[in-house]
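Under this note's numbering, the residues of the sequence shown are numbered 57 to 283, in order. For reference, the structure is listed below as structure tokens.
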Amino acid sequence: MEEEYALITKNLHKIYAQGTEMAVHALKGIDIKIRKGEMVAIMGPSGCGKTTLLNLIGGIDLQTEGEIFVAGNDISKLTDEEMTNFRLFNIGYIFQLFNLFEFLSALENTVLPLFLTKTTRFEAEEEAKMMLRQMGLGDKLNQLPGELSGGEQQRVAVSRALLMNPAIILGDEPTGDLDNSTATDIMNLFVSINENYKQTFIIVTHSEHIAQFCHRIIRIVDGEIVD
Ligand SMILES: Nc1ncnc2c1ncn2[C@@H]1O[C@H](COP(=O)(O)OP(=O)(O)OP(=O)(O)O)[C@@H](O)[C@H]1O
Ligand SMILES: [Mg+2]
């Protein structure tokens, strides 16, 4: 049953600057199946294609060849507008550099995507507050990112990603800028979200320690899966 899978990629290729002298064959036939509720780490040397893969899965960039199914939907068949909508509801992103708006409070940062979907500002804010409280940020709602620690900022980013209840949460080195103990806290948070909400996680990391929190590791070398 294809519906059991949060993600399927078939023979995925990405060639940057195709047809020029500068062409880079970044992904060379990636086949992945990730079940709903799985938590998977993606590891591999710098330049092996990890970010490229996440960008394709998240619909930020287009593959050169192959297919991608997110929660059973063939995303290459979507128009730009459908893709934007699909991304909003199905993909949660957590980046290394937090990606919070500097001049917006924790609450304002978190509530942003809900303004696109909820009928009233009040409703959206109540939901965002509830999520931030669950993340232990109930007393930090009105702080700006610059007034929060790295781990707290990352929890705001996690709150924002989770609020839309996406099919997949993608993290590109989400703990890369955090010290070991804060990184461990964030990974424990992911594990408990994964256990409680059966949310699917795909996490790119350079750290074997971080990867050990996941159910399995996909290793990529030079655009190909090796393990
Ligand atoms: N927009 C682009 N145009 C041309 N080449 C690119 C582009 N983005 C990435 N590449 C190349 O594609 C390959 C894969 O890059 P990618 O960013 O996916 O690697 P990565 O595994 O995420 O590396 P890192 O661990 O350093 O983040 C590299 O050779 C990179 O130089
Ligand atoms: Mg990268």
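Glycine included, C-beta positions come from ideal geometry on N, C-alpha and C.
Quiz item: If you draw a straight line from the alpha carbon of I71 to that of P222, how long is it in whole angstroms?
Solution: Here residue 71 is taken as the residue at index 15 of the sequence shown, counted from 1. Here residue 222 is taken as the residue at index 166 of the sequence shown, counted from 1. Going from the Cα of I71 to the Cα of P222 covers about 28 Å.
Quiz item: Does the stretch 209-226 come close enough to the stretch 144-155 to have 3 or more Cβ pairs within less than 8 Å?
Solution: Yes, the stretch 209-226 touches the stretch 144-155.
Quiz item: Mind checking whether the beta-carbon of V70 lies closer than 6 Å to any heavy atom of ligand 2?
Solution: Here the question's residue 70 lines up with position 14 in the sequence shown. It is Lys, not Val, that sits at residue 70 in the sequence shown. It does not: the Cβ of K70 is nowhere closer than 6 Å to a heavy atom of ligand 2.
Quiz item: Helix, strand or coil: how does DSSP classify V80 here?
Solution: For the purposes of this step, residue 80 is identified with residue 24 of the sequence shown, where counting begins at 1. V80 sits in a strand when the DSSP states are folded into three classes.
Practice problem: Would you list, in sequence order, the uninterrupted beta strand (DSSP E) runs of no fewer than 3 residues that lie entirely inside the stretch 179-253? | Solution: The stretch 179-253 contains these whole beta strand (DSSP E) runs: 224-228.
Quiz prompt | Which of helix, strand or coil DSSP assigns to H262 | solution = As a position in the sequence shown, residue 262 is number 206, starting the count at 1. Note: H262 maps to coil in three-state DSSP.
Practice problem: Tell me the start and end of each unbroken beta strand (DSSP E) in the stretch 141-169 that is at least 3 residues and wholly inside, in chain order. | Solution: Considered as a whole, the stretch 141-169 harbours 147-151 as its complete beta strand (DSSP E) runs of no fewer than 3 residues, in chain order.
Exercise. Specify the secondary structure class of I56 as computed by DSSP and reduced to three states.
Key: Examination of residue 56 is not possible in this model, given that the chain is present from 57 through 283 alone.
Exercise. Give the range of the beta strand (DSSP E) segment to which T65 is assigned.
Key: Within the sequence shown, the letter at position 9 stands for residue 65. Per DSSP, T65 belongs to the beta strand (DSSP E) from Y61 to Y72.
Quiz prompt | Pair within 7 Å by beta-carbon distance, R275 and G100 | solution = The count along the sequence shown starts at 1 and reaches residue 275 at position 219. The count along the sequence shown starts at 1 and reaches residue 100 at position 44. Taking 7 Å as the cut-off, the Cβ atoms of R275 and G100 count as close.
Exercise. Classify D117 as helix, strand or coil using the three-state DSSP reduction.
Key: The sequence position of residue 117 within the sequence shown is 61, counting from 1. Here D117 sits in coil by DSSP.
Quiz item: Which whole-angstrom value is the C-beta distance of N165 and F157, which I expect to be below 8 Å?
Solution: What you label residue 165 is simply residue 109 of the sequence shown in a count that begins at 1. What you label residue 157 is simply residue 101 of the sequence shown in a count that begins at 1. Sure, about 6 Å apart at Cβ, within 8 Å.
Quiz item: By Cβ distance below 8 Å, which residues in the same chain neighbour N155 in space, the five residues on each side in sequence not counted?
Solution: Here residue 155 refers to the residue found at position 99 of the sequence shown. So the list reads Y149 and A213, once near-sequence residues are dropped.
Quiz item: Who are the near neighbours of V167 in its chain, counting only those whose CB is closer than 7 Å to its CB and skipping five residues on each side?
Solution: To locate residue 167, count along the sequence shown from 1; it is residue 111. For V167, where only same-chain residues beyond five positions count, the Cβ hits under 7 Å are A180, E181 and A184.
Self-check item: Three-way DSSP call (helix, strand, coil) for F257 in this model
Solution: The residue given as residue 257 occupies position 201 in the sequence shown. F257 falls in the strand class under three-state DSSP.
Quiz item: Closer than 6 Å: is that where the CB of S161 sits relative to any heavy atom of ligand 1?
Solution: Within the sequence shown, residue 161 is the residue found at index 105, counting from 1. No, the beta carbon of S161 sits no closer than 6 Å to any heavy atom of ligand 1.
Quiz prompt | Exposed unless 16 or more other CB atoms sit within 10 angstroms - verdict on E94 | solution = On the sequence shown, residue 94 is found 38 positions in, with the first residue counted as 1. So E94 counts as buried.
Quiz item: What number of angstroms, rounded off, separates the C-alpha of L197 from the C-alpha of M186?
Solution: As a working note, residue 197 is residue 141 in the sequence shown. As a working note, residue 186 is residue 130 in the sequence shown. Rounded to the nearest whole angstrom, the CA to CA distance from L197 to M186 is 10 Å.
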